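Engineer: Could you have a look at this structure, given as structure tokens, before my questions?
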Amino acid sequence: MVHPAIKESRQGIHRKQPTLDVCVSVSEPLLTEAELSTCIIMKVTVETAYSLPDTWTLPSGSAHSPFAYFAALEVPLTAEHDQVLMFSEGHLKPGGQREGKCRRKRRPLQTLLVPGNQFLPGSFCQPEPIDHEDGELTGLEDQPFRDEAEITKNRVSWDTEIRCFLDSSGASRLKEKITESRLWPVELMRTLVPLSRLGDENPEIPFHGLAFVDMGRLLYPGVSRIRGAYTVHPFYESELLNKAKRKTSVLKEQAKIATIQAKSRVSLAVATPKKGTKNYDAGSKGVKDQSKKQSVLPSKATISDETPESGFEPETKVNVEGNMYLEARTYVIIEMSLNRPLVPKPSPEELARRVKALIPPKPKRPAGPSRAEKAVVDFHTQVGNAVAAVSEQFAELFGANSELQESLSKEQILAEVMGGLNVSGRYFTFKEQIKLAVVKIVRDKMQRSKPLTDPQEVKEFVSKLYVYLVDEMHVALNKIYSSDVAEDCTDGIKLESSQLRHFAKEAQLTSNYQQAVQYYQELVVRHPDEPLYKFEWGSLYMLIGDYMKAKECYHDAVSTQQTHQPSLMMCGVVAVLFERYNEALTFLERATSLEPPSVEAWTLMGLLHLSLNEAFLPERAFLEAKKILGEEEANRAHADDNTEEVKAQQDEHETDNPAPPPMAEHDPEFPDHDMEESGETSSHSDRSATPTKLTSSIFTQTVKFLLQNNALQMAEYALTQELLGSKGGCSVPYYYSLAQFQLLKGDYSSAIDNLKEALFYNSQNPDAWALKGHCHYLQGAFTEARESYEWSMVFPEPPSDTNIVLLRLGAIYILEEKFMQAKEVFLQACEQSPSCLTWLGLGKACYRLGELCVAEEAVAVATLLNSANAEVWAYLSLISLKSGRLEEGDEYYKNAISFDLQDSSLIEEISEAKHQTRMSKLASCFNASAQAQVEIV
């Protein structure tokens with residue numbers, strides 16, 4: 001053995017101390033790989049206790065405290081035995097600065113170690129922001145208190161790590177104990193005497209404190225470490241039993257063991273003539289006695305058989321010293337880590353594999369245009385070939401003989417060209433080529449592969465095909481004779497797709513579901529690799545209640561793109577409707593593993609776990625969702641601050657103050673919220689927002705996603721959780737979300753009541769006013785609907801669904817015969833989001849105002865956007881009849897009837913207009929005949 005003490009040389013040079021390398025080897029591993037995979041190495045670190053009682057001070061002129069500071073807890077080792085972990089070497093340190101970062105962790109029982117060997121290699125205390133901690137005191141309101149405690153006040157530092165080896169049965173028992181009670185007690189004390197002098201019957205533990213560590217997070221999938229600040233409470237056995245389901249104090253049991261062992265040593269020393277050794281450390285006594293360790297923790301049967309009344313007996317003695325912890329708000333930093341998670345978390349690759357097994361991805365499409373696009377391009381090519389063949393034939397006949405061309409009429413020239421084409425065989429060639437191109441268009445573009453049997457359907461399809469072929473022929477001719485059309489055509493296709501999506505949403509909002517389905521079909525055909533259109537199509541079927549078709553759409557979207565997060569979430573929601581919970585969990589877990597992190601995905605997974613009554617997992621999902629929501633709100637707040645700074649800089653250069661926006665007419669339902677003076681707008685807005693917190697929660701944000709996709713059952717469950725978790729009353733977002741839900745359910749009266757509550761706290765919410773207008777409109781209360789719509793359009797920020805608001809407001813103005821206001825509203829709608837309905841509304845208003853030319857132009861644009869709207873043809877018929885064009889009016893009326901015109905008043909008005917037009921024509925004929933007779937006479 002090498003003695004480590006080497007003194008300095010006479011020259012004062014420090015010599016290196018000798019070292020000894022020790023190598024330990026075994027012939028075979030102590031544990032097999034299978035055993036290692038089921039075992040756990042648990043590391044428990046007690047770092048520092050802060051905000052100590054005022055009486056805990058260092059003696060003047062001394063750097064060390066005469067007291068000993070202990071922390072103790074108990075962990076399972078095997079299926080039957082527990083291990084008491086004693087942290088007995090705490091040091092009282094003065095305040096003045098924070099504890100250093102990356103402090104080295106110490107080994108336990110440092111008095112028994114070789115000097116310089118008290119630190120664990122590669123183990124450091126890693127501080128982290130309080131909002132990332134797992135314990136208590138993590139709110140923003142706790143930050144100033146913790147800063148003061150961790151900088152200026154005294155603290156007790158252990159920085160000690162104890163490691164435990166848990167075999168497979170011990171790991172299983174650890175999970176069971178956490179499931180039984182997630183709060184694990186950690187006891188603290190300050191003592192001036194060793195444990196062996198505290199007594200063996202009922203030892204009095206000085207400054208007996210108790211902190212509860214929430215171990216439930218270790219049962220979250222993939223979590224292997226928790227660290228945080230835990231408040232120290234005075235020790236009471238009743239609190240220990242109620243919170244941790246344990247009856248005995250670890251420190252009291254250890255004090256008993258130490259006292260018994262001390263007495264046995266004294267009796268042994270008296271009976272033995274030799275003088276015993278005095279190398280005794282009170283902090284380490286009793287830890288190795290397995291029989292005593294088994295008595296520290298009662299069996300599960302003993303705890304479970306304990307009657308509830310016994311745990312609530314009043315304490316006979318008040319813990320005066322322990323209450324000092326509460327007065328000082330003492331807390332201790334504790335870390336627990338495992339070498340592997342108790343509950344493994346599936347990797348993103350594993351989740352992707354599971355989703356792929358449920359919904360196989362579609363094979364990748366070959367590069368280049370689709371079959372439908374190829375069919376159109378081929379048709380354009382054949383039209384070009386036909387033009388070239390006709391030009392060649394014309395050049396052969398009349399190219400060198402211009403006099404012959406001038407001497408013939410157009411009909412004769414056409415006959416000569418057709419005859420030449422037939423004789424040369426060119427006509428037969430390009431006819432067969434165009435025929436094949438038309439077949440491809442019918443099969444690939446129009447998706448027609450089965451023959452039609454109904455003559456009416458055949459007639460309608462042929463008419464539709466003819467119109468389409470003529471349009472494409474014009475496109476092909478323009479490509480030939482114009483060099484600019486090719487570029488414009490590409491932009492037109494993009495614009496047309498965005499218009500189709502807008503038309504589909506508009507048709508959905510106006511309950512024209514069949515038309516919406518047709519628009520989505522066209523979008524999916526045009527963009528087969530875009531999952532968004534299939535996802536929105538599925539949401540339409542959710543609104544209709546056809547959940548099987550909705551499931552097909554969502555699955556089709558996922559098969560198109562396996563990482564489409566909204567579709568994965570809705571696949572999970574639909575799987576819950578069909579009670580396929582394992583599939584739902586797979587979809588939602590996959591959605592949570594994708595970037596960017598989604599509040600809705602985590603919240604939906606938490607709701608699923610909650611509905612299945614699973615422990616710990618709902619809490620974990622909701623915590624992740626809250627964390628993501630907090631980050632999003634922080635980013636939005638930062639962006640708003642930057643915007644306000646830019647606006648403030650711009651305001652500095654302005655000399656005149658802008659006038660506040662004008663308000664709508666006085667609302668009788670909310671007299672207290674109307675502004676008496678226009679200058680009170682901003683202050684009123686601030687006051688209206690004070691009673692309720694306006695920031696959304698994870699549930700209201702998830703409800704918004706669910707209602708957008710018409711998942712009413714899951715939305716109702718999320719609203720229930722929001723109501724159960726609300727503190728201090730319901731929030732404005734809750735009232736608004738509940739009203740949206742009731743609107744979709746058809747309970748308009750209840751929705752209006754909830755919107756009144758929302759508007760009472762925030763009357764400046766345009767979406768709430770618009771939703772209130774929708775409820776009144778669907779009830780048939782058009783006056784109240786108009787007032788609500790007008791209020792929604794007053795504010796600087798328009799409502800999110802401006803298009804439907806303008807459509808319904810304009811329709812109400814027409815019903816009230818306020819045609820000029822209707823014209824202004826529909827003009828605004830046509831400028832913002834033109835559609836068939838907006839142009840039709842403008843045409844209606846102009847027709848009622850007698851502006852027939854403008855009305856005809858507006859309705860003509862509407863026919864271009866949707867030629868299958870019966871009301872459009874009906875108004876074209878009315879305009880034509882009013883203009884005296886009886887034949888056109890009759891033709892337009894036939895079109896309206898063919899598209900199933902249902903408005904009886906409009907049909908009656910057209911009949912009356914026909915009668916008036918016929919009578920006026922007869923009158924004009926009679927007048928002309930009479931005038932002619934007079935002239936003859």
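So the sequence shown is residues 1 to 937, counted in full-length UniProt numbering.
Note that the Cβ used here is the ideal one computed from N, Cα and C, for glycine as well.
Note that this is a predicted model, so its numbers are computed, not measured.
Determine whether the beta carbon atoms of SER883 and LEU906 lie at a separation below 8 Å.
Structural biologist: Mapped onto the sequence shown, residue 883 falls at position 883. Mapped onto the sequence shown, residue 906 falls at position 906. Cβ distance not < 8 Å, so SER883 and LEU906 don't count as in contact.
Engineer: Taking only three categories from DSSP, how would you classify ASP444?
Structural biologist: Here residue 444 refers to the residue found at position 444 of the sequence shown. ASP444 falls in the helix class under three-state DSSP.
Engineer: Alpha carbon to alpha carbon, what distance is there between LEU840 and GLU790?
Structural biologist: Locating residue 790 in the sequence shown gives position 790, counting from the first residue. Locating residue 840 in the sequence shown gives position 840, counting from the first residue. Cα to Cα, the separation comes out at about 21 Å.
Engineer: What residue from PHE124, ARG225, GLY90, LEU112 has the CA that sits closest to LYS103's CA?
Structural biologist: To locate residue 103, count along the sequence shown from 1; it is residue 103. Inspection of the sequence shows that residue 103 is occupied by Arg rather than by Lys. Checked all of PHE124, ARG225, GLY90, LEU112; the closest Cα to ARG103 is PHE124.
Engineer: If you run the structure through DSSP and keep just helix, strand and coil, what is THR510?
Structural biologist: Here residue 510 refers to the residue found at position 510 of the sequence shown. THR510 falls in the coil class under three-state DSSP.
Engineer: Checking 8 Å against the spacing of the C-beta atoms, do LYS175 and LEU31 come in under that value?
Structural biologist: Stepping through the sequence shown from its first residue, residue 175 is reached at position 175. Stepping through the sequence shown from its first residue, residue 31 is reached at position 31. No; because the gap between Cβ atoms is not below 8 Å, this pair is not in contact.
Engineer: Quick one, are the C-beta atoms of PRO531 and HIS564 less than 8 Å apart?
Structural biologist: In the sequence shown, the residue the question calls residue 531 occupies position 531. In the sequence shown, the residue the question calls residue 564 occupies position 564. Contact: yes.
Engineer: With 16 as the cutoff for other CB atoms within 10 Å, does ALA507 come out buried or exposed?
Structural biologist: What you label residue 507 is simply residue 507 of the sequence shown in a count that begins at 1. Buried is the call here.
Engineer: Need the endpoints of the alpha helix (DSSP H) that VAL376 sits in, please.
Structural biologist: Numbered from 1 along the sequence shown, position 376 holds the residue referred to as residue 376. Looking at the DSSP string, the run of the alpha helix (DSSP H) that includes VAL376 is 371 to 398.
Engineer: HIS732: which of ALA715, GLN708, GLU579, GLN764 sits nearest, CA to CA?
Structural biologist: Indexing the sequence shown from 1 puts residue 732 at position 732. Residue 732 is actually Val in this sequence, not His. Of ALA715, GLN708, GLU579, GLN764, the residue nearest in Cα terms is GLN764.
Engineer: Excluding sequence positions up to five away, which residues of its chain have a Cβ less than 6 Å from the Cβ of LYS551?
Structural biologist: As a working note, residue 551 is residue 551 in the sequence shown. These residues qualify, in order along the chain: VAL574.
Engineer: Can you name the start and end residues of the beta strand (DSSP E) that ASP214 belongs to?
Structural biologist: By 1-based counting over the sequence shown, the position of residue 214 is 214. First-last of the beta strand (DSSP E) with ASP214: 209 to 214.
Engineer: Among the candidates CYS730, ASP82, GLU831, MET418, whose CA atom is the shortest distance from the CA of LEU759?
Structural biologist: Taking the sequence shown and counting its residues from 1, one reaches residue 759 at position 759. Looking at the Cα atoms, CYS730 is the closest of the given residues.
Engineer: Does DSSP put GLY850 in a helix, in a strand, or in coil?
Structural biologist: Counted from its first residue, the sequence shown places residue 850 at position 850. Coil.
Engineer: How many angstroms separate the CA atom of GLN742 from the CA atom of GLU871?
Structural biologist: Counted from its first residue, the sequence shown places residue 742 at position 742. Counted from its first residue, the sequence shown places residue 871 at position 871. The alpha-carbon atoms of GLN742 and GLU871 are separated by roughly 31 Å.
Engineer: Got a sec, what are the start and stop residues for the beta strand (DSSP E) TYR748 sits in?
Structural biologist: Here residue 748 refers to the residue found at position 748 when the sequence shown is read from its first residue. From DSSP, TYR748 is part of no beta strand (DSSP E) but of the alpha helix (DSSP H) over 748 to 761.
Engineer: In chain order, which alpha helix (DSSP H) runs of at least 4 residues are fully inside the region 408 to 453?
Structural biologist: Counting whole runs of 4 or more residues, the region 408 to 453 contains the alpha helix (DSSP H) stretches 410 to 424, 426 to 440.
Engineer: Three or more C-beta pairs under 8 Å: does that hold for the region 538 to 546 against the region 333 to 340?
Structural biologist: These segments do not touch.
Engineer: Does TYR236 come out as helix, strand or coil in the three-state DSSP assignment?
Structural biologist: Within the sequence shown, residue 236 is the residue found at index 236, counting from 1. The answer is coil: DSSP assigns TYR236 none of H, G, I, E or B.
Engineer: List the whole-angstrom C-beta distance separating ALA68 from THR191, where the pair is believed to meet the contact cut-off of C-beta under 8 Å.
Structural biologist: Working through the sequence shown from its first residue, we reach residue 68 at position 68. Working through the sequence shown from its first residue, we reach residue 191 at position 191. The Cβ separation is near 5 Å, so the contact holds.
Engineer: May I have the straight-line CA-CA distance separating ARG225 from TYR734, to the nearest angstrom?
Structural biologist: Taking the first residue of the sequence shown as 1, we reach residue 225 at position 225. Taking the first residue of the sequence shown as 1, we reach residue 734 at position 734. Spanning the two alpha carbons is a distance of roughly 35 Å.
Engineer: Tell me whether ILE812 sits in a helix, a strand or coil according to DSSP, three-state version.
Structural biologist: Position 812 of the sequence shown, counted from the start, is the residue given in the question as residue 812. Reduced to three states, the DSSP call for ILE812 is helix.
Engineer: Decide if HIS609 is buried, meaning its Cβ has at least 16 other Cβ atoms within 10 Å, or exposed.
Structural biologist: Indexing the sequence shown from 1 puts residue 609 at position 609. The residue is buried, with at least 16 neighbouring Cβ atoms inside 10 Å.
Engineer: CA-CA distance, TRP769 and VAL794?
Structural biologist: Working through the sequence shown from its first residue, we reach residue 769 at position 769. Working through the sequence shown from its first residue, we reach residue 794 at position 794. C-alpha separation (whole angstroms): 10 Å.
Engineer: Under 8 Å, do LEU806 and GLN779 count as touching if we go by C-beta distance?
Structural biologist: Residue 806 sits at position 806 when you count from the first residue of the sequence shown. Residue 779 sits at position 779 when you count from the first residue of the sequence shown. Their beta carbons are not under 8 Å apart, which means LEU806 does not touch GLN779 by this criterion.
Engineer: Determine the DSSP secondary structure at GLY122, reduced to helix, strand or coil.
Structural biologist: Position 122 of the sequence shown holds residue 122. GLY122: strand per DSSP, three-state reduction.
Engineer: Using the three-state DSSP reduction, which class does ARG190 fall into: helix, strand or coil?
Structural biologist: As a position in the sequence shown, residue 190 is number 190, starting the count at 1. Note: ARG190 maps to strand in three-state DSSP.
Engineer: Short check: CB of GLU47 to CB of ASP159, under 8 Å?
Structural biologist: One-based indexing of the sequence shown puts residue 47 at position 47. One-based indexing of the sequence shown puts residue 159 at position 159. Yes, they are a contact pair.
Engineer: Specify whether the region 39 to 59 and the region 142 to 151 touch according to this definition: at least 3 beta carbon pairs, one from each stretch, less than 8 Å apart.
Structural biologist: With the cut-off at 8 Å, the region 39 to 59 and the region 142 to 151 touch.
Engineer: Can you tell me whether THR55 is buried or exposed, with buried defined as 16 or more other CB within 10 angstroms of its CB?
Structural biologist: As a position in the sequence shown, residue 55 is number 55, starting the count at 1. Classification of THR55: exposed, given that the 10 Å Cβ count is below 16.
Engineer: Counting pairs of beta carbons, one from the region 211 to 220 and one from the region 79 to 97, are three or more of them closer than 8 Å?
Structural biologist: As far as the Cβ criterion goes, the region 211 to 220 does not touch the region 79 to 97, which means the pair count is below three.
Engineer: Going by the DSSP bridge assignment, what does LYS93 pair with across the sheet?
Structural biologist: As a first step, residue 93 is located in the sequence shown; it is residue number 93 there, counting from the start. Paired residues: ARG155.
Engineer: Can you tell me which of the three DSSP states MET793 falls into?
Structural biologist: Locating residue 793 in the sequence shown gives position 793, counting from the first residue. In the structure shown, MET793 sits in coil (DSSP, three-state: anything other than H, G, I, E or B).
Engineer: Pick out the complete alpha helix (DSSP H) segments inside the region 100 to 147, 4 residues or longer, and give them in chain order.
Structural biologist: Counting whole runs of 4 or more residues, the region 100 to 147 contains no alpha helix (DSSP H) stretch at all.
Engineer: Cα separation between TYR325 and HIS233?
Structural biologist: If you number the sequence shown from 1, residue 325 lands on position 325. If you number the sequence shown from 1, residue 233 lands on position 233. Roughly 6 Å between the two C-alpha positions.
Engineer: According to DSSP, what are the bridge partners of VAL44?
Structural biologist: Here residue 44 refers to the residue found at position 44 when the sequence shown is read from its first residue. VAL44 pairs with ILE162, MET336.
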